[in-house]
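**Student:**
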């Protein structure tokens with residue numbers, strides 16, 4: 005297919021400057037804008053609607069799997085944050101500290117929550133007494149704050165939005181099962197709702213969450229060949245339970261510590277949507293999450309009956325789809341560019357000629373394919389095309405990921421690929437931290453995950469040549 | 005009607021200690037619990053579900069009236085908070101200050117937002133340029149923080165949950181219209197969704213919001229005769245616009261300042277639900293907002309077919325209502341008390357005898373009325389009874405408010421009523437701050453509002469005897 009003509013001049017081309025392309029899209033599609041608060045975004049109506057669709061669908065899936073929402077405090081007293089050693093070491097350097105309330109200096113500093121394990125554990129210690137109180141399957145939707153040095157909209161901001169699930173279980177087995185269940189919720193959501201293919205696996209000890217025994221992750225590959233960690237699920241064992249004195253009387257009438265998990269997906273995922281599906285004309289939204297699924301554009305609007313017909317179609321379609329008629333006095337060209345920029349999956353054009361022929365035109369955002377549709381078949385055809393857009397986006401992203409995934413067996417190859425071929429690099433690993441650190445130093449890559457689907461690429465570690473334990477995905481990451 | 009037997013012994017009776025009754029209900033109905041963070045609550049699953057129902061219904065009404073959601077930063081730099089003089093004076097004494105990010109001391113302090121006028125204005129100054137950009141009808145759902153000295157769950161907490169609408173308009177008329185429209189959304193929501201009758205009116209200058217030109221309010225009367233301000237809507241004129249340099253080119257091609265409103269309803273409203281409808285057996289929830297509308301209790305559960313029938317009814321009812329079968333091995337008495345405590349509007353009992361007769365029993369939470377219902381008519385009857393519960397709660401609350409509303413014409417009467425008759429006190433006022441302050445000092449009452457529905461109780465001010473300007477509602481308030 006020939007390179008398509010770029011309709012919108014204001015945004016930088018991906019190939020010229022990917023980072024600039026990204027921020028241009030965020031701004032021009034009106035997802036977010038910078039605020040006068042360093043590292044914090046204003047998420048604009050279109051971005052908020054996107055996040056609400058993500059939230060509603062994930063929330064539905066969480067409730068379907070038996071979870072309940074709660075709302076925990078925004079603040080954590082310093083002494084509470086310090087209760088679990090690994091956890092405080094991981095987070096203390098990057099929290100915002102409150103030292104004064106009104107005029108009064110506080111006797112103990114409070115931090116703005118960077119994550120809420122400590123608050124949940126504090127609460128669980130109050131309400132868990134017997135095995136009958138288990139499992140506790142809680143989640144919360146909120147924002148958290150981490151004092152980041154450099155920030156980028158959605159990808160890395162001081163304040164970001166997320167959900168954090170925190171669950172407590174009678175046994176380790178049950179908790180591990182929950183950790184995996186929620187990872188599957190995330191991967192299914194990413195693939196079937198957002199059309200983003202992901203690799204599922206386990207983080208290495210170096211990359212796991214502060215305080216966790218193991219961290220599972222879904223990793224997606226962006227257009228520029230960088231990886232984006234898109235959702236994580238942690239198994240904590242009973243480390244926090246011990247630190248927070250959470251004990252319950254078991255079925256055997258003995259006191260024991262419950263086993264814990266936590267899992268989260270954040271507004272970063274909006275960055276993943278942009279960088280997986282977007283193109284040089286702007287955003288391309290997967291239909292399931294798009295705030296607007298069909299933009300209806302009346303052509304020659306002043307002609308009798310055109311606007312009426314457009315509104316009639318909108319009325320009919322709005323029972324099943326998110327639609328809008330644009331009856332503004334902007335030019336047709338402006339409108340085309342606008343809805344392309346905003347990534348609306350389908351554009352519906354209807355003019356006097358179409359009305360005569362009892363038809364309209366549907367144009368796909370992802371590949372610009374035009375279809376003439378009889379008005380009697382409109383609803384069926386819109387549903388079909390939205391499904392095709394979803395499938396098309398998923399396949400395109402999967403093909404790109406496959407093209408950008410390389411296997412290497414020695415250090416020279418690793419360095420060469422890391423330097424010249426952005427993407428996932430599959431390579432064997434001995435399991436030693438030293439090799440992980442060396443690969444970061446010499447090739448600039450980090451381990452993304454130990455994928456559940458293992459392949460044997462070689463017998464020996466790509467770095468030290470000793471016997472290999474696992475095949476890993478490596479790469480540069482956001 | 006004879007005083008009903010109290011089924012649950014653990015909670016304090018309202019008449020004995022209303023404040024203790026309130027906190028008992030919050031705790032025993034598992035709405036919220038205290039946390040180890042001073043003045044912050046843990047909102048438990050049942051309380052969160054209640055808030056989500058409030059949020060979803062209000063959000064639907066906001067969207068229906070053309071509003072869009074956005075998400076603003078959590079923090080406000082000190083210099084931004086200081087831009088509008090009255091506003092900073094009102095809020096600076098009660099904000100939480102962040103002075104450090106990680107190890108680093110900040111060059112400028114940030115406060116945790118106590119409300120977001122300044123953030124919205126900062127953003128509006130970036131995006132409003134022409135009359136074509138107006139109106140801007142934004143809302144956000146979030147939590148805010150005010151450094152309160154004494155706190156009570158839902159009623160007054162350091163962190164609380166709310167929505168804040170912030171809108172910008174071409175003209176003063178349009179902005180005032182919006183202020184009133186949103187007040188009407190609140191009063192309609194309070195009365196028709198929460199079954200809480202409210203008085204609508206204007207706040208006096210003393211009681212209005214910091215920085216506003218005028219504040220409209222809905223005031224509800226609690227069981228103990230104290231008032232609760234349940235929602236407010238503010239008209240700002242162009243004061244903030246000037247302070248924040250928000251200018252637009254008008255239809256006349258001249259630069260002008262837009263006119264602003266803001267409006268909010270908070271998690272306090274959960275306190276209003278508790279204290280308007282609750283009784284000595286616990287919570288009583290209006291059906292529209294109840295997380296669980298029908299608790300289905302199989303009687304003699306071990307008998308063949310009982311549990312199956314209960315589940316079958318649940319299946320059928322769940323298409324329209326929020327229902328749950330309690331098949332736990334707790335006693336029937338325990339279950340009755342539990343769902344009474346949680347204020348579930350209807351209890352459905354079904355046992356072997358009922359199944360034989362193709363019927364079940366529905367028991368209303370509000371008045372304990374029992375109805376035998378043929379299973380074929382169940383859905384219709386449940387809908388009817390839920391509507392009756394709603395109507396019954398509203399009428400009961402309205403009657404109580406009318407019984408507890410007094411008119412007074414001189415200071416002695418005012419003092420006597422304020423001391424001995426908790427409730428609303430209607431009295432004339434000259435419009436002078438001095439009288440408002442004196443009434444607070446000698447009678448302990450504050451002005452609740454200048455109601456839209458004025459009555460002429462006397463010609464002269466209840467305090468100074470000079471000619472009266474308005475009839476006001478006065479009272480003690482939460």
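Residue numbers (the numbering used here), protein chains in the order written: chain A, 5 to 482; chain B, 5 to 482. Note that beta-carbon positions come from the ideal geometry of N, C-alpha and C, so glycine has one too.
1) Is residue 74(B) buried or exposed, if buried means 16 or more other CB atoms sit within 10 Å of its CB?
2) Looking at the secondary structure, which residues open and close the alpha helix (DSSP H) in which residue 189(B) lies?
3) Any Cβ of chain A within less than 8 Å of the Cβ of residue 27(B)?
4) Is the CB of residue 104(B) under 8 Å away from at least one CB in chain A?
5) Apart from the five residues on each side of it in sequence, which residues of its chain come closer than 7 Å, Cβ to Cβ, to residue 20(B)?
6) Apply the 10 Å Cβ neighbour rule to residue 147(A) and answer buried if 16 or more other Cβ atoms are within range, or exposed otherwise.
7) Leaving out five residues on either side along the sequence, give the residues of the same chain with a beta carbon under 8 Å from the beta carbon of residue 373(B).
8) Pick out whichever of 460(B), 99(B) and 450(B) has its Cα sitting closest to the Cα of residue 230(B).
9) Going by DSSP in three states, residue 136(B) sits in which element: helix, strand or coil?
10) Against chain D, with Cβ distances strictly below 8 Å, would residue 126(B) count as a contact?
11) Step through the CB atoms of chain B and report whether any lies within less than 8 Å of the CB of residue 17(A).
12) Going by beta carbon distance, what residues of the same chain come within less than 7 Å of residue 29(B), once the five residues before and after it are set aside?
13) Assuming the contact rule is C-beta atoms closer than 8 Å, residue 100(B) and residue 149(B) should be a hit. Round their C-beta distance to whole Å, please.
14) For chain B, is any of its Cβ atoms less than 8 Å away from the one on residue 132(A)?
15) What is the DSSP secondary structure of residue 129(A), reduced to helix, strand or coil?
16) Is residue 314(B) helix, strand or coil when you go by DSSP?
17) Just the chain B side, please: which residues come within less than 8 Å of residue 56(A) by C-beta, in chain order?
18) Which residue marks the beginning of the alpha helix (DSSP H) containing residue 151(A), and which one marks its end?
19) Assuming contact is defined by CB atoms lying nearer than 8 Å, are residue 121(B) and residue 243(B) in contact in what I supplied?
20) Is the beta carbon of residue 224(B) closer than 8 Å to that of residue 280(B)?
21) Checking contacts by CB at 8 Å: is residue 267(A) closer than that to chain B?
22) Which residues of chain B have a Cβ atom closer than 7 Å to the Cβ of residue 98(A), listed in chain order?
23) State the Cα-Cα distance for the pair residue 420(B) and residue 429(B), rounded to the nearest angstrom.
24) Could you tell me which chain A residues have their CB closer than 7 Å to the CB of residue 47(B), listed as they occur along the chain?
25) I need the boundaries of the alpha helix (DSSP H) containing residue 278(B), first residue and last residue.
26) Per the contact definition of three or more C-beta pairs closer than 8 Å, is the region 330–349 of chain A in contact with the region 287–303 of chain A?
27) If you measure between the beta carbons of residue 77(B) and residue 115(A), is that distance less than 8 Å?
28) Enumerate, from N- to C-terminal direction, the unbroken alpha helix (DSSP H) stretches of 4 or more residues contained entirely within the region 10–67 of chain A.
29) Relative to the C-alpha of residue 163(A), which candidate in 170(A), 154(A), 331(A) and 169(A) has its C-alpha closest?
30) Please check the pair residue 294(B) and residue 326(B), which I expect to be a contact at CB under 8 Å, by giving their CB distance rounded to whole angstroms.
31) Any beta carbon of chain A sitting closer than 8 Å to that of residue 14(B)?
32) Under the three-state reduction of DSSP, which class applies to residue 235(B): helix, strand or coil?
33) Find the residues of chain A that neighbour residue 147(B), judging by a C-beta separation of less than 7 Å, and give them in chain order.
34) Starting from residue 92(B), find everything on chain A with Cβ-Cβ shorter than 9 Å and list it in chain order.
35) Note down, in chain order, every chain B residue with its Cβ under 9 Å from the Cβ of residue 166(A).
36) Contact defined as beta carbons within less than 8 Å: I believe residue 471(A) pairs with residue 463(A). What is the distance between those atoms, to the nearest angstrom?
**Tutor:** Taking the coordinates as given:
1) Buried, because 16 or more other Cβ atoms sit within 10 Å of the Cβ of residue 74(B).
2) Where residue 189(B) is concerned, the enclosing alpha helix (DSSP H) stretches over 176–196.
3) Not closer than 8 Å to any Cβ of chain A, the Cβ of residue 27(B) fails to qualify, so no.
4) At least one chain A Cβ lies under 8 Å of residue 104(B).
5) In its own chain, leaving out the 5 sequence neighbours on each side, no residue places its CB closer than 7 Å to the CB of residue 20(B).
6) Residue burial is scored here from C-beta neighbours: residue 147(A) has at least 16 other C-beta atoms within 10 angstroms and is therefore classed as buried.
7) Taken in chain order, the residues that qualify are 367.
8) Ranked by Cα distance from residue 230(B), the first of 460(B), 99(B) and 450(B) is 450(B).
9) Three-state DSSP puts residue 136(B) in a helix.
10) This model lacks chain D altogether, as its protein chains are A and B.
11) For residue 17(A), the answer is no, since every Cβ of chain B falls outside 8 Å of its Cβ.
12) Its chain contains 15, 278, 282, 286 and 287 as the residues whose beta carbon lies nearer than 7 Å to that of residue 29(B), once the 5 sequence neighbours on both sides are disregarded; these appear in chain order.
13) At roughly 5 Å, the Cβ-Cβ gap stays under 8 Å, so residue 100(B) and residue 149(B) are in contact.
14) No, its Cβ sits nowhere closer than 8 Å to a Cβ of chain B.
15) Note: residue 129(A) maps to helix in three-state DSSP.
16) Three-state DSSP puts residue 314(B) in a helix.
17) At a C-beta separation below 8 Å, residue 56(A) has these neighbours in chain B: 73.
18) No alpha helix (DSSP H) contains residue 151(A), which DSSP labels as neither H nor E.
19) In this structure, the beta-carbon distance from residue 121(B) to residue 243(B) does not fall below 8 Å.
20) Closer than 8 Å, so yes.
21) Taking Cβ atoms only, chain B never reaches closer than 8 Å to residue 267(A), which makes this a no.
22) Those within 7 Å of residue 98(A) in chain B are 106.
23) The C-alpha of residue 429(B) is placed about 11 Å away from the C-alpha of residue 420(B).
24) Ordered by position in chain A, the residues that pass the 7 Å Cβ test against residue 47(B) are 74 and 75.
25) Its alpha helix (DSSP H) spans residues 272–281.
26) As far as the Cβ criterion goes, the region 287–303 of chain A touches the region 330–349 of chain A, which means the pair count is three or higher.
27) The answer is no: Cβ separation not under 8 Å.
28) When DSSP assignments are scanned along the region 10–67 of chain A, the uninterrupted stretches of alpha helix (DSSP H) that are 4 or more residues long and fall wholly within it turn out to be 22–32.
29) Selected option, being the one with the closest Cα: 154(A).
30) The C-beta distance from residue 294(B) to residue 326(B) rounds to 7 Å, short enough to meet the 8 Å contact threshold.
31) So, not an interface residue.
32) Residue 235(B) sits in a strand when the DSSP states are folded into three classes.
33) Simply 78.
34) Identification of chain A residues near residue 92(B) by a Cβ-Cβ cut-off of 9 Å yields none; the smallest Cβ-Cβ distance measures about 13 Å.
35) At a C-beta separation below 9 Å, residue 166(A) has no neighbours in chain B, since its nearest C-beta there lies roughly 12 Å away.
36) Indeed they touch by this definition, with Cβ atoms about 7 Å apart.
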